[in-house]
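**Q** Add 74 to the 1-based position in the sequence shown for our numbering, that's all there is to it.
Positions of the beta carbon are idealized from the N, C-alpha and C atoms, including for glycine.
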Amino acid sequence: MLNIETYKPERFSDLIERIWIADNFEKEVNLVIPPNQYVNLVFPLNSSKFNRNQIRINTPQIEGISTQKTVLTYPANTKLIGIRFFAFGLYPFVKLQGKELINNSIPYPPDTEKIKKTIDFPMDECDTNKIDKLYNLLSELFCQKSYDDISPIMNFYNQFRWEDETHTIEDYCKKSETNYTSLNRKFTKIVGLSPKGFERLIKFRKSLCSLIDSEDSLTSIGANSGYFDQAHFIREFKIFLNQTPSNYKALIKQTDKQSQIINYNFKLF
């Protein structure tokens with residue numbers, strides 16, 4: 075059985091969505107993760123190995139945001155700890171071009187002995203100490219200049235992810251006095267998508283969260299997620315998941331609710 079514990083970030087909360095620890099105690103588990111706007115820094119613990127899209131992984135990884143489904147396979151006795159960043163959140167710590175990470179997972183190589191010691195997790199160490207070590211690592215890596223660079227992206231994200239009222243990107247740029255060309259350049263460099271491409275991903279994820287976490291009608295979910303009409307909602311949903319919203323909701327109902335896998339993947343703090 076796969077158990078996933080999630081923790082609200084106590085530091086860097088504007089960059090980190092959550093910290094998570096996954097334990098698979100029994101038989102092999104397969105997960106199909108829908109497209110998402112998060113970047114994960116993942117550390118296999120206790121010599122754990124797992125597969126990502128049929129590629130074996132046993133070293134620390136940076137998993138980029140995805141516009142397509144990802145298949146994860148966790149063998150028995152797998153244990154992982156990870157930091158789930160917002161799409162822009164990794165950049166102040168690890169300055170990677172967004173295009174390197176889109177739909178991709180790359181090894182994260184600690185480049186100093188100090189950092190190697192920071193992420194050394196003894197087998198019997200408690201989870202609290204592990205999380206403290208992650209914060210120590212992030213403090214070592216943090217760059218204020220890179221943080222300042224992502225400010226326009228953070229503002230854009232806060233508008234389109236958390237605001238109830240839906241605006242077009244053009245309206246947002248006019249209202250916030252943001253130059254679209256400059257915003258587009260930063261998005262392409264840091265996130266790997268254009269603002270319009272990222273907006274589509276955000277709308278899809280908003281609809282996906284509502285589809286799982288609420289009893290609202292599909293019409294309401296589509297409208298509240300920013301889609302013009304039901305046909306637009308269904309069309310976009312099928313592009314990302316190759317399924318209609320109603321078919322996907324039926325599929326979710328068949329999953330093992332006790333696993334909390336769905337809650338880990340969708341519920342927000």
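List the DSSP bridge partners of F159.
**A** Within the sequence shown, numbered from 1, the residue matching residue 159 stands at position 85. Answer by DSSP bridge pairing, in chain order: I90, V113.
**Q** Mind listing, in chain order, the continuous alpha helix (DSSP H) runs of no fewer than 4 residues lying wholly within the stretch 219 to 270?
**A** 225 to 231, 243 to 250, 254 to 260
**Q** Under the rule that 16 or more other beta-carbon atoms within 10 Å means buried, what is I180, buried or exposed?
**A** As a working mapping, residue 180 is identified with position 106 in the sequence shown. By the 10 Å Cβ count, I180 comes out exposed.
**Q** Quick one: what does DSSP say K143 is sitting in, helix, strand or coil?
**A** Taking the first residue of the sequence shown as position 1, residue 143 is located at position 69. K143 falls in the coil class under three-state DSSP.
**Q** Check the DSSP bridge columns for K207 and list the partner residues they point to.
**A** Reading the sequence shown from its first residue, position 133 is the one you call residue 207. For K207, no pairing in a beta bridge is given by DSSP.
**Q** So, are the CB atoms of P108 and L282 less than 8 Å apart?
**A** As a working mapping, residue 108 is identified with position 34 in the sequence shown. As a working mapping, residue 282 is identified with position 208 in the sequence shown. Cβ atoms of P108 and L282: closer than 8 Å.
**Q** Would you mind reading off the limits of the alpha helix (DSSP H) that contains Y81?
**A** As a position in the sequence shown, residue 81 is number 7, starting the count at 1. Element bounds for Y81: not the alpha helix (DSSP H) but the beta strand (DSSP E), 76 to 81.
**Q** Between which two residues does the beta strand (DSSP E) harbouring N104 extend?
**A** Taking the first residue of the sequence shown as 1, we reach residue 104 at position 30. Element bounds for N104: 103 to 107.
**Q** Taking R85 as part of the alpha helix (DSSP H), name the residues at either end of that continuous run.
**A** Against the sequence shown, residue 85 aligns to sequence position 11. Taken as a continuous stretch (DSSP letters only), R85 belongs to no alpha helix (DSSP H), as it is neither H nor E.
**Q** With a threshold of 16 other CB atoms inside 10 Å of the CB of K280, please say whether the residue is buried or exposed.
**A** As a position in the sequence shown, residue 280 is number 206, starting the count at 1. Buried is the call here.
**Q** Checking 8 Å against the spacing of the C-beta atoms, do T152 and F124 come in under that value?
**A** As a first step, residue 152 must be located in the sequence shown, where it is residue number 78. As a first step, residue 124 must be located in the sequence shown, where it is residue number 50. Yes, they are a contact pair.
**Q** What number of angstroms, rounded off, separates the C-alpha of N140 from the C-alpha of M197?
**A** Here residue 140 refers to the residue found at position 66 of the sequence shown. Here residue 197 refers to the residue found at position 123 of the sequence shown. This sequence places Ser at residue 140; Asn is not what is there. In this model, S140 and M197 are separated by some 31 Å (Cα to Cα).
**Q** Given a cut-off of 8 Å on the beta-carbon distance, is the pair N177 and Q142 in contact?
**A** To locate residue 177, count along the sequence shown from 1; it is residue 103. To locate residue 142, count along the sequence shown from 1; it is residue 68. Their beta carbons are under 8 Å apart, which means N177 touches Q142 by this criterion.
**Q** Taking 8 Å as the threshold (C-beta atoms), are K270 and I243 in contact?
**A** Residue numbering aside, residue 243 sits at position 169 when the sequence shown is read from its first letter. Residue numbering aside, residue 270 sits at position 196 when the sequence shown is read from its first letter. Cβ atoms of I243 and K270: closer than 8 Å.
**Q** By a C-beta neighbour count over all protein chains shown, 10 Å radius and 16 as the cutoff for buried, is E212 buried or exposed?
**A** Taking the sequence shown and counting its residues from 1, one reaches residue 212 at position 138. The amino acid at residue 212 is misidentified as Glu; the sequence shows Leu. Classification for L212: buried.
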